[in-house]
Structures are given as C-alpha cells and as structure tokens.
Amino acid sequence: MTNTIDRRTLLRLAGASAGTAVLAGATLAGAAPAGAAGGAFRHGVASGDPLPDGVLLWTRLTPTDEAQPGSGVGPEAEVTWQVAADPDFVTVTAQGALTTGPARDHTVKVAVTGLAPATTWWYRFGYAGAWSATGRTMTAPPADADIDRLRLGVVSCANWEAGYFSAYRNLADRGDLNLVVHLGDYLYEYGTGEFDAGGSVVRPVLPAHEVLTLADYRIRHALYKTDPDLQALHASVPWVITWDDHEVANDQWSGGAENHTPATEGAFADRVAAARQAYAEWMPVRTGADGAIYRRLRFGRLAELSMLDLRSYRSQQASGSAVDDPARTITGDAQMSWLKSGLAASTARWKLVGNPVMIARVDLATLPAWLLGPIGRLLGVPENGVVLNPDQWDGYNADRNELVDHLRATGTRDVVFLTGDIHTSWANEVTTRATGTSDPAAAEFVVPSVTSDNVNDFLGLREGNALSVLGADLLRATNTHVRWTELDGHGYGVLEVTRQRCRMDWYHLADRTRPGSASRWVAGWSVAAGSSTLRRETAPQA
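Residue numbers -31 to -1, 1 to 511, in mature numbering (1 follows the signal peptide of the UniProt record, and there is no 0), belong to the letters of the sequence shown in order.
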C-alpha cells in the first residue's frame, strides 16, 4: 500500500481545513423521456458516441425469467432494431436484427451507419412481437460544418446507495441538450453500507457484497440500468462516456487499486478483465480493437472532444517528491502522444477534454516549491507544491508539465478540460511553474457528484455550513488559479459552446435523498475564445 490519501479522506480533510442553423433542428426536444421499461427490455435503451453518419445503440433483452443479469443462462434470441426519422416510425430509415445470448449477458449493441448528419433520430428494439421504449438520439454534424452552438450535460460520480439520480431526470427534462458527457464513476464497486449517504443507506445495492467477478459487475450494471431517471436521460440524448476508478475499484492504477487485496480477492488482472467485459457489454461506448476507450469525436468546426482514460495506463500513486518523477505517468506514453498531437492539430475552435480527475493544481496551506526556491527543494517539496490528492494530476507533475508546455509551445489555445471525480464544483485556470498565475494555458470546469458524498456529508453538517465555506475560502486563497469552488452540492453541469465562449453553469439538487428532487442554479463561469482566463457569469435567462 502506498502513502496516498483516498478520495473520502481527502474530502474530510478539505472540510476540516475549512451552428444553431445546423444543430437547432437536431436538438432533442419534444417527446417526453421514456420511463423505466418493463417486459423484455426492462433495462431501457441508450445511444452513444455519435458520428456524422451513425450512432451506437444499446439495450438489454430479458427473453425469459431465468435469463437474469449475471446468471449466465437463458436462450439465444434474435432482437430486431429500427431507426426512424419520426417518433411514430412511419419513416424507417435503417433496421436490422442480431442475436444475443448469455455469452454477452443478453446485451445488444448496434453500430448504425448510413444516417444523415446533424439529424434527430428515434430508435427502438423488438422481440417476440413487442417493442422496447423509444429512444431519441442525434448524429453529429459534418466535420467541416459551421456550428453556432452546442449544449452538453456534464455529470460524474453516481453512487446508488447515496441517493436518487434526480440530476439525470432534471437534465432529461431540459429538452435542449445535444449530448451528455459522463466523466466516470458511473457506478461504484462497494458492498452495501461501505459508501453511502453520510452513513445512511438510501437504497441498498445488488449484489450486497463488493463486486469482484464478471457476474457481480453484470448485476451491478443491471441494477443501475433499472433506475428510471438514468433510463430517462439515456433515452433522451446520446452519451459520450469514459471510466474512472470505481468502474473497477477505488484509486485504481495499471497494476492494482487501493480497494483490492490480492491475497483475499484474487489477481487484480482478473478483476479488471471482468469489470471491462461487463462495461463493454452494458455501456453505449465504442472501444478500440485492444479495448482502448480514449477516443475523439468531432462536432463540426465548433468543437472536438477528446475523452481520456486515466486509469488503465497510470503508474501507482505516490507521495512527496516522487510525484515529480518523470518516469511516472497518469496517461501512459501512447495516450499522451495521441492527446498532444490531436490538440495541436485540431482545426476545431474549441478543444474539449473529457478528463476524469482534476488537472489544476491544488495546494493546501503551502506555497509551491518554485516560489519557495532552493529551500523548498532541500525540504523535498514537490515542484508544484505539497500534494493534497496524489490520485489527481497533482500526483503526476511531469505529465501535467509536459502537456501544458506542449500547449504553450505549439500555440494551442481554447482548450477546456471537463472534469469529474472529486464530488465538488470548481472553476479553474490551468497553470504550472512555466505559465505562472497570469497566463493560464487552459480552463477547467469540474462538476459535482450526482449523489456521492462530499465535504458536508462527511462532516455530518448541512449544506453551506461554515466549515465548508471556510474550506472553499482557504482553497481559493492558497490557489489563486482556482477562481471558484463549492464543496457541498450534488448535481450536474451544463456546458454551452459557441464561437465566442465556453460557459459552464452548475446546478445543485435540493435533496439527493429524495426522489424527484428539484435543482437550482448556483454559479456560472465562462472562458472567451483566445483566452484561458475565467469570467463569472450571472444566472442564465429562463
């Protein structure tokens, strides 16, 4: 075990320390989102990774009562699918059939091609004379299309036992989103009671024990897909997703995890293989031939979205001056090369990066070593300051410096990191020793958890309590590149991308433990084209 601070401990410490023309017609509005599906398609429908000529469709078939998720039993069955230009399926544009069975847990994934770009489509699946719920999706615009606006829902960290997924329902009900970006921790691996709502289980997980085997991961995925709010958002808009650690185990790295003990839980490689297989079966995501999930999607000339995998290739977490070791990596060499070259070569106005863990520096009650000078180096202070959470990019300074230096050397501007993981809300300017605080290289917007515990939950205090506010004040005072942070709220972000700016608005739930909780706007920050300096915004007009 390394000398690291896991996410729950980190949050405790923080609290204790104190073209419209093209896309408007493709906006997914109109029909009411689907509710929780029953019958043969009781796990709902979903779409993901839209391309100009196609999109990935997903569902799960329950052909017989014994063919339950993770059971490994049940018959082979043929499932039909249709894509139409209208919700009544009068004009069916594409259709087909495929066979599924227990080898893939009766899941169905269809990579539909031959569709018109920048268009809203309706889709459904059929079996034994019955249809699934109807889903809505959209294709991306052509790579050279002039797009005026793109609107994304941004989410992360949905813990079943900590509450209800009202954040998903509120996003589904908006009717103005083109896409949902999920930044990881779509589910959690813990057994019941191990990570809940401030010590109280709102709704128990299945299986009740920590998930370890392929059957376990399949059952946990299936449980999440029964949530009606999750089903509503999946059925309303295409998703682009990546994983973080809890899709396998807490604080995962390439060779292990904080929440994995080989002596009692078996080989970590076996656990990863099981988790990744279930993920590929149950999620509407495209993976490479080698199982790689990092990938890039284009939305006209307006935006390009690079989704990262910061778990599969990273070195083990470390502490002290070891975080400066250039031999350690969070991305792996191949992904770093792909990321740098892709950002520099992109002809899109905005280069968005789906970034599972925070890239902005977070120092607590200390100055960075580069301000302390040689005394700091003698004391072994890491280059970018004492590390509060080595599971973030803070624990891999060499990779962060390499990426930021590359952005500056190549003159790559208009890079915006979209981040999850830390359960709290942040608006950051990305800086290092080379940039200083006056010339940030990129902007970063961090969204809160859908339900997972944050500072006030760990403290057992109400939202907005004095300790949480003090903690946020201390973080901003010590880190001038952190323009805003809020440590208590649960909810989601909405990112609006135009030629002139990227704007993130944060929405927090009234009560994550109550089904159907409303949300409220809490803050808005934007970055203008050609600049990485953040600006505070007023509430959007209804």
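Each residue gets a CB set at the ideal place from its N, CA and C atoms; glycine is no exception.
To the nearest angstrom, report how far apart residue i and residue j are at their CA atoms.
{"i": "G46", "j": "E371", "result": "Reading the sequence as shown, one finds Ala at residue 46 and not Gly. Spanning the two alpha carbons is a distance of roughly 50 Å."}
{"i": "P56", "j": "R11", "result": "20 Å"}
{"i": "T28", "j": "D259", "result": "23 Å"}
{"i": "G494", "j": "G433", "result": "Strictly speaking, residue 494 in this sequence is Trp, with Gly absent from that position. About 20 Å."}
{"i": "N147", "j": "M107", "result": "8 Å"}
{"i": "F414", "j": "M473", "result": "7 Å"}
{"i": "A272", "j": "L192", "result": "34 Å"}
{"i": "T447", "j": "S290", "result": "20 Å"}
{"i": "G311", "j": "S169", "result": "45 Å"}
{"i": "D457", "j": "S437", "result": "7 Å"}
{"i": "G162", "j": "P173", "result": "8 Å"}
{"i": "G144", "j": "R120", "result": "11 Å"}
{"i": "residue 512", "j": "P409", "result": "Because the chain is modelled from -31 through 511, residue 512 falls outside the range shown and cannot be assessed."}
{"i": "W307", "j": "E250", "result": "26 Å"}
{"i": "residue 584", "j": "G440", "result": "Look at the range of the chain in this structure, -31 to 511, and you will see that residue 584 is not part of it."}
{"i": "L20", "j": "G323", "result": "17 Å"}
{"i": "T381", "j": "A313", "result": "6 Å"}
{"i": "S486", "j": "D480", "result": "6 Å"}
{"i": "A141", "j": "A232", "result": "44 Å"}
Determine the closest residue to residue i out of the options, with distance taken between C-alpha atoms.
{"i": "R240", "options": "S223, S495, M252", "result": "S223"}
{"i": "L321", "options": "S290, R93, G144, C471", "result": "C471"}
{"i": "L444", "options": "L119, W91, T393, W212", "result": "T393"}
{"i": "N358", "options": "D426, A287, V373", "result": "A287"}
{"i": "T420", "options": "V59, Y137, D18, R369", "result": "Y137"}
{"i": "V424", "options": "I391, N353, D142", "result": "I391"}
{"i": "E455", "options": "Q285, W395, E465, M473", "result": "W395"}
{"i": "H75", "options": "R93, Y92, Q37", "result": "Q37"}
{"i": "Y282", "options": "A291, W91, Y263, L274", "result": "Y263"}
{"i": "A498", "options": "G485, W319, A53", "result": "W319"}
{"i": "R504", "options": "S169, N397, V463", "result": "N397"}
{"i": "H229", "options": "T256, L181, A242", "result": "L181"}
{"i": "R402", "options": "Q221, G354, L428", "result": "G354"}
{"i": "R330", "options": "A313, G311, D360, T62", "result": "D360"}
{"i": "H151", "options": "A317, T211, H178, P111", "result": "T211"}
{"i": "D18", "options": "P86, V77, V209, A99", "result": "V209"}
Could you name the residues that DSSP lists as bridge partners for residue i?
{"i": "A243", "result": "For A243, which the question treats as bridged, DSSP gives no partner whatsoever."}
{"i": "L274", "result": "L266, L321"}
{"i": "G95", "result": "T49, W100"}
{"i": "D196", "result": "BP columns for D196 are empty, so no partner."}
{"i": "W90", "result": "T106"}
{"i": "H392", "result": "The partner list for H392 (beta bridge, DSSP) is empty, contrary to what the question assumes."}
{"i": "V415", "result": "T388, W395"}
{"i": "Q64", "result": "Q51"}
{"i": "R468", "result": "Paired residue(s): none; R468 is not in a bridge."}
{"i": "Y137", "result": "Beta-bridge pairing links Y137 to no other residue."}
{"i": "Y461", "result": "Y476"}
What residues in its chain sit with their C-beta under 7 Å from that of residue i, if we drop five residues either side in the sequence?
{"i": "A411", "result": "L376, V384, V385, F386, V399, S501"}
{"i": "T406", "result": "T400, T449, H450"}
{"i": "D293", "result": "P351, E352, N366, A367"}
{"i": "A247", "result": "L183, Y186, R187, H190"}
{"i": "G462", "result": "V123, F414, V416, M473, D474, W475"}
Who are the Cβ neighbours of residue i in its own chain at under 6 Å, not counting the five residues just before and after it?
{"i": "G460", "result": "A136, P417, Y476, H477, L478, S488"}
{"i": "Y133", "result": "P484"}
{"i": "L84", "result": "D22, G23, T108"}
Can you give me the Cβ contacts of residue i inside the same chain, cut-off strictly under 8 Å, excluding the 5 residues immediately before and after it?
{"i": "Y96", "result": "A9, F10, L30, P32, A46, E47, V48, T49"}
{"i": "Q469", "result": "A497, A498"}
{"i": "A66", "result": "E47, V48, T49, W50"}
{"i": "A243", "result": "L181, T182, L183, D185, Y186"}
inquiry  = Closer than 8 Å is the cut-off here; do at least three beta carbon pairs connect the region 299 to 311 with the region 126 to 135?
reply    = The region 299 to 311 vs the region 126 to 135: no contact.
request  = Would you check if there are 3 or more beta carbon pairs closer than 8 Å linking the region 200 to 209 to the region 176 to 191?
outcome  = no
ask   = Quick one: any contact between the region 62 to 72 and the region 36 to 46, if contact means 3 or more CB pairs under 8 Å?
value = yes
ask   = Counting Cβ pairs, one atom from each stretch, are 3 or more of them under 8 Å apart for the region 155 to 172 and the region 205 to 217?
value = Three or more beta-carbon pairs drawn from the region 155 to 172 and the region 205 to 217 are found closer than 8 Å, and the two stretches are therefore classed as touching.
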